[in-house]
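Input: a single structure, listed below in structure tokens.
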Ligand code: GLU
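Residue numbers (our numbering): 1114 to 1533.
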């Protein structure tokens, strides 16, 4: 791989290259947009409960700031590397542009396994990581949010740490906070809700009914579990779900409400006592003959080989970067539509934006207002993507979504010009 990069940044650049011919972007501006603006690597020493000190590695990458303050989540996962964080920051930049939020894109993370950390260790790690990146973030500069294995509690610690240094409470420095300290109703389920909204839109577009459509979900964390619940509420039949502990399959439909509650309380998905469900391995789940398959876990799970064996009618990407460019080619050839991550999982950052707006206005909205605004924005981004795909004769929805995002970011850079 070029320049010592592993897969994710290279995949993202390939996705950008594919959209370039459909975007009206200046060549120099495009080259600039391929390079992250800055990445900070910090050492995160943490006093463990046993009295030992351990040093973790943390990162924050600000990829493209043409359209506004940088915005994107923070993940805690053993897979976190500079390459992964950089690609994720790039994807945030294009996602925020596609849904037309006044933001650039960023991402951060700490390489750790949060399952092995106590609550106190997690708190110390979060505070030290926040101290490490605090010169880089701020309510008008860069606004972190939850991502894989981070949650409202982690955001509360980040907000508190930043506020201690500033000397006053700064709620709008992070989004995804608990409602009690400036979070918004609807943020926890927003990404899953967005997945259910775009899936329904796709079915409408294909002139098919979502009622009783069969769904398989790989990954049952916050996003997967909420997507399952909300799709079931829209009439779909979630027949399979999996996470790192294993998978469950019931052709008549899983008890998603019970399963989600059980997993949220710390249970292993594979251990859920559903007498009608059988075990299913992760790769078998991705090969199920269902109407919708939803990768909702980590990147690069739909490889060329997985794409060749995929039997689902459509793929909706709840995770970031789950499909490799080679797999995209196979799926396009096989006429299997893919709703790309930057559209399918944009519900989270959209509601983050609404939280930031409320914090800035110092005025709280109702859940109904938040959900209505989320739906309006996602439906509009979906319609624009399909229109661009059709009007410009673009081979797939991802390339269409990228063309819109690259156009928007490119125009922002052209107006602003190159400094000095
Ligand atoms: N981590 C989420 C994402 O990948 C949300 C980011 C945010 O709310 O800023 O889109």
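Glycine included, every Cβ here is placed at the ideal spot set by N, Cα and C. In this text the structure is predicted, and so the values were computed from the model without any measurement.
The Cβ atoms of residue 1183 and residue 1222 do not sit closer than 9 Å to each other.
Annotated as proximal: residue 1352 and residue 1364, with beta-carbon spacing under 9 Å. Ranked by Cα distance from residue 1431, the options 1446, 1457, 1232 and 1531 are led by 1457.
As a beta-bridge residue in DSSP terms, residue 1327 pairs with 1350. The Cβ atoms of residue 1410 and residue 1435 sit closer than 9 Å to each other. Residue 1164 sits in coil when the DSSP states are folded into three classes, being neither helix nor strand. Short note on residue 1177: C-beta not closer than 8 Å to any heavy atom of the ligand GLU. Here residue 1505 has 1135 as same chain residues with Cβ atoms under 6 Å from its own Cβ, once five neighbours each way along the sequence are excluded.
For the ligand GLU, a non-hydrogen atom lies closer than 8 Å to the CB of residue 1205.
Annotation for residue 1245: the continuous alpha helix (DSSP H) segment containing it runs 1232-1246.
Residue 1206 counts as buried, since at least 16 other C-beta atoms from the protein chains shown sit within 10 angstroms of its C-beta.
Spatial neighbours of residue 1128 in its own chain (CB-CB distance under 7 Å, excluding positions within 5 residues in sequence) are listed in chain order as 1438, 1511 and 1515. Looking at the backbone, the Cα of residue 1195 and that of residue 1172 are separated by about 7 Å. Taking 9 Å as the cut-off, the beta carbon of residue 1225 is found no closer than this to the beta carbon of residue 1201. At least one heavy atom of the ligand GLU lies closer than 8 Å to the C-beta of residue 1257.
Residue environment for residue 1121: buried (at least 16 other C-beta atoms within 10 angstroms of its C-beta).
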